[in-house]
Amino acid sequence: MPTIPQADLEQYGEVIDRLVTTPVGKSRGNMFQPMKAVDMYDAARARFGRPLCLLAAEMISERVKRDDNVLILTGSYHPLHFPVGEMDGPPGGATLALSLDLGLGAKPFFANEPPLVGLMEEACRAVGLLPMPYEQAIERDHTAVVVEFPITDHEGSRRAAEELMDRHDFSLVVTTERLGRNRKGRYHSAGGTEREPQDRCKVDHIVDVARERGILTVSVGDGGNEIGFGSIFDETRGIVNWGETCRCPCEDGIVSVVESDALIVAATSNWGISGLEAALAMVNDNQDMMHDAAVERRVLHHLANMGCADGATVMTTPTCDGTPESVSLDVVNLLKATVAQSFRVSSRRF
Ligand SMILES: [Zn+2]
214 MPTIPQADLE QYGEVIDRLV TTPVGKSRGN MFQPMKAVDM YDAARARFGR
264 PLCLLAAEMI SERVKRDDNV LILTGSYHPL HFPVGEMDGP PGGATLALSL
314 DLGLGAKPFF ANEPPLVGLM EEACRAVGLL PMPYEQAIER DHTAVVVEFP
364 ITDHEGSRRA AEELMDRHDF SLVVTTERLG RNRKGRYHSA GGTEREPQDR
414 CKVDHIVDVA RERGILTVSV GDGGNEIGFG SIFDETRGIV NWGETCRCPC
464 EDGIVSVVES DALIVAATSN WGISGLEAAL AMVNDNQDMM HDAAVERRVL
514 HHLANMGCAD GATVMTTPTC DGTPESVSLD VVNLLKATVA QSFRVSSRRF
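Everything in the sequence shown is counted per our numbering, starting at 214 for the first residue and increasing by one.
Below, the structure written as structure tokens:
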């Protein structure tokens, strides 16, 4: 339980949200405009009424108990552009898994299309978690489980989601930078084009099933086309490029209809996850729940070396959406410092 007084916690929650929405800017282009994430943040903040990272951290801390299974959904695959995956998403998924392992004693799971299973396993290794089959993972500390989720139609995906939720009693589902369907059941890039159905599994059905079963869902995103933006659907359609209509035949726009119980809007999704970890560290009075720049650097480099590509440049560099590695490390350092400051009490008497 937090030792930081409630009023102070809210203040630091505001600081965290500002840091993760800082419009340092992704590289320019028709997909990315730095202030649009701030506009979406404002819409989400109005909808949820409390600092977004703090609210999500409070909900997670209340719900997740020791030895609970938690499911993290992230990653984007394309056979030509992202054959090994994309840099924004998996690094944050892995650092959050570490945070929930170290701080809450939870067992992190990932569910991915077959081509991304290896990527998520490597992301786990890079942060210090050993991927193992479920039966072994529950017998050993600091492990993670990466399961395959089939690439199939909406009905088959729904059935697979129900089976997965039946098999493992998850208490939390978190999504980060994971595309969600629009009203027409299509998935889109931030540039308004359709992401082909044969290239991705429809894990947004897992979020729907979780919500129906009363399992907590938390989503992190930066583009409006991801799972969770259904919670601010109308506002997001008016903010992002290709919000009202897209460049694919469905013409329904890129904004996802899939809702979550808590939504974190960030300038880059990995930063949103870092903000969530910072808030978890404050709420649980445990600085280990926020990873440091050394871990951030290790996971970014490890995935880039595997061939994971930057979403903006398609280069296999340790950058996210065209933002230099140093900026990601700076954001982590600023968040880490914010957590440390929140624990520090000035002793000066006037
Ligand atoms: Zn479309």
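By construction, the Cβ of each residue, glycine as well, lies at the ideal position given by its N, Cα and C atoms.
A quick note: this is a predicted structure, and the numbers were derived from the prediction, not measured.
With DSSP run on the structure shown, which of helix, strand or coil describes F323?
-> For the purposes of this step, residue 323 is identified with residue 110 of the sequence shown, where counting begins at 1. Looking at F323 - three-state DSSP - the assignment turns out to be strand.
The alpha helix (DSSP H) enclosing L293, as first and last residue numbers = Position 80 of the sequence shown, counted from the start, is the residue given in the question as residue 293. First-last for L293: undefined, no H or E at that position.
Ranges of the alpha helix (DSSP H) found wholly within the stretch 403-479, counting only runs of at least 4 = Fully enclosed alpha helix (DSSP H) runs of 4 or longer: 417-425 and 446-452.
Length of the line joining the Cα atoms of M345 and A324 = Taking the sequence shown and counting its residues from 1, one reaches residue 345 at position 132. Taking the sequence shown and counting its residues from 1, one reaches residue 324 at position 111. Their Cα atoms are separated by approximately 13 Å.
Please find out if some non-hydrogen atom of ligand 1 comes closer than 7 Å to the beta-carbon of H367.
-> Counting from one through the sequence shown, the residue named residue 367 turns up at place 154. No; taking the cut-off as 7 Å, the Cβ of H367 has no heavy atom of ligand 1 nearer than that.
Going by DSSP, what residues sit across from C533 in a beta bridge?
-> As a working mapping, residue 533 is identified with position 320 in the sequence shown. Bridge partners of C533: T536.
How would you write the range of the alpha helix (DSSP H) that E223 sits in, first residue to last?
-> Residue mapping note: residue 223 aligns to position 10 of the sequence shown, counting from 1. Run containing E223: Q219 to V233, per the alpha helix (DSSP H) assignment.
Flag this pair as touching only if the stretch 486-503 and the stretch 438-458 have three or more C-beta atom pairs under 8 Å; answer yes or no.
-> Here the stretch 486-503 makes no contact with the stretch 438-458; the two share fewer than three CB pairs at distances below 8 Å.
Is the closest heavy atom of ligand 1 to the C-beta of D412 under 7 Å?
-> Sequence index remark: in the sequence shown, residue 412 carries index 199 (1-based). No, the beta carbon of D412 sits no closer than 7 Å to any heavy atom of ligand 1.
Sequence-distant residues of its chain with Cβ nearer than 7 Å to V330 (five each side left out) = Within the sequence shown, the letter at position 117 stands for residue 330. Result list for V330: V359 and E361, in chain order.
Backbone CA spacing between R263 and T430 [nearest angstrom] | Residue mapping note: residue 263 aligns to position 50 of the sequence shown, counting from 1. Residue mapping note: residue 430 aligns to position 217 of the sequence shown, counting from 1. Cα-Cα distance, rounded: 17 Å.
Close-in-space but distant-in-sequence residues of the same chain around C463 (CB under 6 Å, 5 per side omitted) | Indexing the sequence shown from 1 puts residue 463 at position 250. Excluding residues within five positions, the ones whose Cβ falls inside 6 Å are K397 and R399.
Between which two residues does the alpha helix (DSSP H) carrying S482 extend?
-> As a first step, residue 482 must be located in the sequence shown, where it is residue number 269. Run containing S482: S482 to V496, per the alpha helix (DSSP H) assignment.
Around the Cβ of N546, are there at least 16 other Cβ atoms within 10 angstroms (buried) or fewer (exposed)?
-> Counted from its first residue, the sequence shown places residue 546 at position 333. N546 should be labelled exposed.
Is the number of C-beta pairs between the stretch 334-351 and the stretch 421-429 that are closer than 8 Å three or more?
-> The answer is no - the stretch 421-429 does not touch the stretch 334-351, with fewer than three Cβ pairs under 8 Å.
Any non-hydrogen atom of ligand 1 within 7 Å of C463 CB = Here residue 463 is taken as the residue at index 250 of the sequence shown, counted from 1. True, at least one ligand heavy atom lies under 7 Å from that Cβ.
M503 versus P321: straight-line alpha-carbon distance, rounded | Within the sequence shown, numbered from 1, the residue matching residue 503 stands at position 290. Within the sequence shown, numbered from 1, the residue matching residue 321 stands at position 108. Rounded to whole angstroms, M503 to P321 spans 16 Å at the Cα level.
Report the residue from A525, E409 and L313 whose alpha carbon sits nearest the alpha carbon of T365.
-> Translated into positions along the sequence shown, residue 365 becomes position 152. The residue with the shortest Cα to Cα distance from T365 is E409.
For N499 and S274, believed in contact at Cβ under 8 Å, the rounded distance = In the sequence shown, residue 274 corresponds to position 61, counting from 1. In the sequence shown, residue 499 corresponds to position 286, counting from 1. So it is not a contact: roughly 10 Å between Cβ atoms.
Compute the minimum distance between the beta carbon of R399 and the heavy atoms of ligand 1, and state whether it is under 7 Å.
-> The sequence position of residue 399 within the sequence shown is 186, counting from 1. Yes.
Return the Cβ separation of I351 and V386 in integer angstroms, given the expectation that the two are a contact with Cβ distance under 8 Å.
-> Here the question's residue 351 lines up with position 138 in the sequence shown. Here the question's residue 386 lines up with position 173 in the sequence shown. A Cβ-Cβ separation of about 19 Å leaves I351 out of contact with V386 under the 8 Å criterion.
Is F362 helix, strand or coil when you go by DSSP?
-> Counted from its first residue, the sequence shown places residue 362 at position 149. Looking at F362 - three-state DSSP - the assignment turns out to be coil, as it is neither helix nor strand.
By Cβ distance, which residues of its chain are closer than 7 Å to L309, with the 5 residues on each side in sequence left out?
-> As a first step, residue 309 must be located in the sequence shown, where it is residue number 96. I285, V387, I486, L489 and E490.
Per-residue DSSP class, three states only, for A339 = Indexing the sequence shown from 1 puts residue 339 at position 126. DSSP places A339 in the helix class (H, G or I) of the three-state scheme.
Span of the beta strand (DSSP E), counted from its first residue to its last, around T389 = Against the sequence shown, residue 389 aligns to sequence position 176. F383 to T389 is the span of the beta strand (DSSP E), which, as asked, contains T389.
Compute the Euclidean distance between the alpha carbons of E457 and L317, then round it to the nearest angstrom.
-> One-based indexing of the sequence shown puts residue 457 at position 244. One-based indexing of the sequence shown puts residue 317 at position 104. Approximately 41 Å, taken between the alpha carbons.
Among the residues of its own chain, which have a CB less than 6 Å from the CB of L343, if the five just before and after it don't count?
-> Position 130 of the sequence shown holds residue 343. Excluding sequence neighbours, L343 sits near T356.
Using 10 angstroms around the beta-carbon of T526, count the other beta-carbons present and answer buried if the total reaches 16, otherwise exposed.
-> Position 313 of the sequence shown holds residue 526. With fewer than 16 Cβ atoms within 10 Å of its Cβ, T526 is classed as exposed.
Helix, strand or coil for T526 per DSSP?
-> On the sequence shown, residue 526 is found 313 positions in, with the first residue counted as 1. DSSP places T526 in coil when its eight states are reduced to three.
Three-way DSSP call (helix, strand, coil) for T216 in this model | If you number the sequence shown from 1, residue 216 lands on position 3. Looking at T216 - three-state DSSP - the assignment turns out to be coil, as it is neither helix nor strand.
Should E407 be listed as close to ligand 1, given that the test is whether its C-beta is under 7 Å from any heavy atom?
-> Mapped onto the sequence shown, residue 407 falls at position 194. Yes, the beta carbon of E407 sits closer than 7 Å to at least one heavy atom of ligand 1.
Can you tell me the Cβ-Cβ gap for G305 and S482, rounded? I've got them flagged as a contact below 8 Å.
-> The count along the sequence shown starts at 1 and reaches residue 305 at position 92. The count along the sequence shown starts at 1 and reaches residue 482 at position 269. Sure, about 6 Å apart at Cβ, within 8 Å.
Rounded Cβ spacing between R391 and G302 (contact assumed at less than 8 Å) = As a working mapping, residue 391 is identified with position 178 in the sequence shown. As a working mapping, residue 302 is identified with position 89 in the sequence shown. 7 Å between Cβ atoms; contact.
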